[in-house]
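Notes follow the structure.
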Amino acid sequence: LSRAIIGKSSVFITIPLFHSYGHAIVHQAAHWSLRAIIAPDPRDIENIVKTIREHRPFLIPTIPTQLMRIGNYKIGRINCLFFSGSAPLPESVREAVMKDMGNPIAEGYGLTETAPIATLNPSAFSKITGFMSKERRGLGVPVPDTDFRVADPTTGEDVPFGETGEIMIRGPQVMKGYWPDASGLSEGGWFHTGDLGYMDSEGFFYVTDRIKDMINVSGLKVYSTKVDEVIFRHPGVQMVVTIGVPDPEKEGSERVAAIIRAKEEFTGKITAEEIINLCKEKLAHYEVPKVVVFKDDLPMTVTGKLWKKELREEFKDILGKKA
19 LSRAIIGKSS VFITIPLFHS YGHAIVHQAA HWSLRAIIAP DPRDIENIVK
69 TIREHRPFLI PTIPTQLMRI GNYKIGRINC LFFSGSAPLP ESVREAVMKD
119 MGNPIAEGYG LTETAPIATL NPSAFSKITG FMSKERRGLG VPVPDTDFRV
169 ADPTTGEDVP FGETGEIMIR GPQVMKGYWP DASGLSEGGW FHTGDLGYMD
219 SEGFFYVTDR IKDMINVSGL KVYSTKVDEV IFRHPGVQMV VTIGVPDPEK
269 EGSERVAAII RAKEEFTGKI TAEEIINLCK EKLAHYEVPK VVVFKDDLPM
319 TVTGKLWKKE LREEFKDILG KKA
C-alpha cells in the first residue's frame, strides 16, 4: 500500500493533533510525502463532509462517532480508504458508509499508552494489495514486534480462543509508565489495557467493551457495545450510549439504560417501546434496557469520544433512589 501512494495522494486528518492518533497521522503523512488536509474542527461534520467532497482525499483516519454522523450524508463513490480507531465500529454504521462510498473501512486498535497503533486489519486492503482474498471484520492482528494476550481479569491466566478477557499488550510502542511513577507495566512488560476482548482461531482480535463500562445486572455481565450494536439497527438511531444505572431494588446491582440521539428526520417519531422491543428480539432478558431516553445532543470529549461518565452522573437516579 505504501509503495502505491508515496508522494501521490492525500490524507484528510480529522483527529485533533494533540491526540496520539492525530499526531501519528501527521508523522505518517510526512513519511509518505502525502498532501495533508487538516480539519479545523473535528466536531464540525458538515465541514468534514464538504472537504471530502471537494478534495476527495485517499486516506481518511476517523473515529466511530464521526463515521456515525458522516453516514447521514450522501457523499457518493470516491476512491478512498477510511481508517477507524478508538472504539469498535457498529456494523450498521460500517455498512452504511461502505454502501454509499463503495470502499472498505480499515479498523485498528491502540491507546495513548500504546501509540500509535497495536493492531491493524489488513483485509481492508484486500482489493488493493491482494494480501487477503476477502475483507473481514475485526480489529485485525498485532503489528510487527507486538505481543498480545487475552487474560482473565481476576486470575491473570490466559483464556482460550473465543473467550472474553482483558487485552494485554507488550511491544516497543508501549509506554514506560505514568509519570512520576514509571512502574505502569506488570511483570514481563505487559500493559493492562482495561479493554475486554477476544481472539479468534485465526489470530484476529475483537474488543467487546471497557471493563469499567461493563454493566452488572444481578451478577450477570452485560456488554454495553453489544446492546449498542442492536439499537443501531433501528434506522432512526444516529448515536447511542448504553450505560449501567443503579438498581434501586438491589444493592450493588445495575440496570441497563440506553441514551439515544435520533436522526433529524426521526426526531420525535421513535418510541422507547420500539427500541425495547427490538432489543427483546436480539438480546437476553437481562440485557434489554430498563429505560430508554432520547436526547438532542450527547456529551462528547474534546477528542470526539462519547462521554459516558457525564451520562452516568446525569442519569444515576433515573430509576429512583433506594428506599
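The numbering used here puts the first residue of the sequence shown at 19, with every later residue one more than the last.
Think of the CB as a built atom: it goes at the ideal place given N, C-alpha and C, for glycine as much as any other residue.
Only a predicted model underlies this, so the values are computations on that prediction, with no experimental measurement involved.
How long is the line joining the alpha carbons of residue 101 and residue 115, rounded to whole angstroms?
Between residue 101 and residue 115, the C-alpha separation is close to 12 Å.
Tell me whether residue 49 sits in a helix, a strand or coil according to DSSP, three-state version.
The answer is helix: DSSP assigns residue 49 an H, G or I state.
Per DSSP, what kind of secondary structure is residue 38 in: helix, strand or coil?
Looking at residue 38 - three-state DSSP - the assignment turns out to be helix.
Rounding to the nearest angstrom, what Cα-Cα distance links residue 277 and residue 29 in this structure?
Those two C-alpha atoms are separated by around 34 Å.
Under 9 Å between the Cβ atoms of residue 305 and residue 263?
No.
Are the beta-carbon atoms of residue 65 and residue 98 separated by less than 9 Å?
Not a contact, by the Cβ cut-off of 9 Å.
Determine the closest residue to residue 138 out of 103, 329, 32 and 63, with distance taken between C-alpha atoms.
For the residues 103, 329, 32 and 63, the minimum Cα distance to residue 138 belongs to 103.
Over what stretch of residues does the beta strand (DSSP E) that includes residue 260 continue unbroken?
Counting along the chain, the beta strand (DSSP E) containing residue 260 begins and ends at 255 to 264.
Hey, residue 317 and residue 329 are a contact pair by Cβ (cut 8 Å); roughly how many whole angstroms apart?
Yes, residue 317 and residue 329 are in contact; Cβ-Cβ is about 7 Å, under 8 Å.
Sort out for me which residues DSSP pairs residue 124 with in a bridge.
Per DSSP, 101.
On the CB-based measure, 16 or more other CB atoms within 10 Å of its CB, does residue 63 come out buried or exposed?
That one is buried.
Cα separation between residue 33 and residue 153?
Roughly 25 Å between the two C-alpha positions.
To the nearest angstrom, report how far apart residue 266 and residue 76 are at their CA atoms.
Cα-Cα distance, rounded: 51 Å.
Among all the DSSP beta bridges, which residues are the ones paired with residue 428?
No information on residue 428 is available, as it lies outside the stretch 19 to 341 that the chain covers here.
When DSSP labels each residue in this structure, what does residue 333 get in the three-state scheme?
Looking at residue 333 - three-state DSSP - the assignment turns out to be coil, as it is neither helix nor strand.
In whole angstroms, what separates the C-alpha of residue 166 from that of residue 178?
Roughly 13 Å between the two C-alpha positions.
If the criterion is Cβ atoms closer than 9 Å, does the pair residue 186 and residue 211 meet it?
Closer than 9 Å, so yes.
So the beta strand (DSSP E) residue 188 belongs to, where does it begin and stop?
Residues 183 to 188.
Exposed or buried, which one is residue 209 when buried takes at least 16 other CB atoms within 10 Å?
Its Cβ being crowded by 16 or more others within 10 Å, residue 209 is buried.
Using DSSP with H/G/I as helix, E/B as strand and the rest coil, what is residue 231?
Note: residue 231 maps to helix in three-state DSSP.
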